[in-house]
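S.K.: Handing you a structure now.
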Amino acid sequence: MSDESIRVLFVCTGNICRSPLAHAVFQHHVDESGCADLFEIESCGLDAYHVGENADERMRSVAARNGIAIDHPARQLRTTDLEYYDVIYGMDRAHVRRLKKLTRYPGKIRLFRDSDPVRTDELDVPDPWYGGLSGFDYVYDIIERTCRKIVDELAVRSRAG
Numbered sequence: 000m001s002d003e004s005i006r007v008l009f010v011c012t013g014n015i016c017r018s019p020l021a022h023a024v025f026q027h028h029v030d031e032s033g034c035a036d037l038f039e040i041e042s043c044g045l046d047a048y049h050v051g052e053n054a055d056e057r058m059r060s061v062a063a064r065n066g067i068a069i070d071h072p073a074r075q076l077r078t079t080d081l082e083y084y085d086v087i088y089g090m091d092r093a094h095v096r097r098l099k100k101l102t103r104y105p106g107k108i109r110l111f112r113d114s115d116p117v118r119t120d121e122l123d124v125p126d127p128w129y130g131g132l133s134g135f136d137y138v139y140d141i142i143e144r145t146c147r148k149i150v151d152e153l154a155v156r157s158r159a160g
């Protein structure tokens, strides 16, 4: 990894569903596209509910069915993350609001679905935690297509200098 790499952070509530999936899917796409050297990727949660735990079993199961391995112990956002990472994606509007209150660099904070190639009225990646397996499949679909687009956008930006 070079000093030129784009440091990308995905953030959700507890770092056991949405953000670790985005982390793993994004990593899969950069590896597949041959541009892994352009990125440093991480995920975390705003809250400490699940620090050290694996991602939710249902999320890992849906990811595995799609050829994605999630092997990431949950961690909480550190204040240093807000300075270190170049682009920070909140999975929903509440995450974005909280992140912007915590940082001196609000321009780094982005709403994940702003990059979703499928335009809908829904702006948030819904938290599948409380629902059934179909909710995890739905979240996987959103994250997969959006990560693919973000990889393309950031890789082009990085190569353009």
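Residue 74 in numbering that gives the first Met the number 0 is what sits at position 75 of the sequence shown, and the numbering runs on without skipping anything.
Just so you know, even glycine gets a beta-carbon here, dropped at the ideal spot from N, CA and C.
Since we're looking at a predicted model, the values are computed, not measured.
1. Identify, in the order they occur along the chain, each residue of the same chain with its Cβ nearer than 6 Å to the Cβ of M0, setting aside the five sequence neighbours on each side.
2. Helix, strand or coil for S4? Go by DSSP, reduced to three states.
3. I'd like the list of long-range same chain contacts for R144, defined as Cβ closer than 8 Å, with 5 residues on each side in sequence excluded.
4. Exposed or buried, what is S133 when buried is set at 16 or more other beta-carbons lying within 10 Å of its beta-carbon?
5. Consult DSSP for R118 and reduce its assignment to one of helix, strand or coil.
6. From the DSSP output, in three-state form, read off V138 for me.
7. Within the same chain, show all residues whose beta-carbon is closer than 7 Å to that of D91, passing over the 5 residues directly before and after it, in chain order.
8. Going by DSSP in three states, I108 sits in which element: helix, strand or coil?
9. Give me the residue from A21, V10, I87 and R112 with the minimum Cα distance to G106.
10. Could you check which residue in V7, M58 and R77 has the C-alpha nearest to that of L20?
11. Grab the span of the beta strand (DSSP E) containing E39 for me, first residue to last.
12. Could you tell me the boundaries of the beta strand (DSSP E) in which V86 lies?
13. In the structure shown, what three-state DSSP assignment does V24 receive?
M.R.: Let's see:
1. At M0 the pLDDT is 45, less than 50, meaning the model places this residue with poor confidence; the figure from the coordinates comes in the next sentence. Answer for M0: E39, listed in chain order.
2. coil
3. D115, P116 and V117
4. exposed
5. coil
6. helix
7. D123 and V124
8. strand
9. I87
10. M58
11. F38 to G44
12. V86 to G89
13. helix
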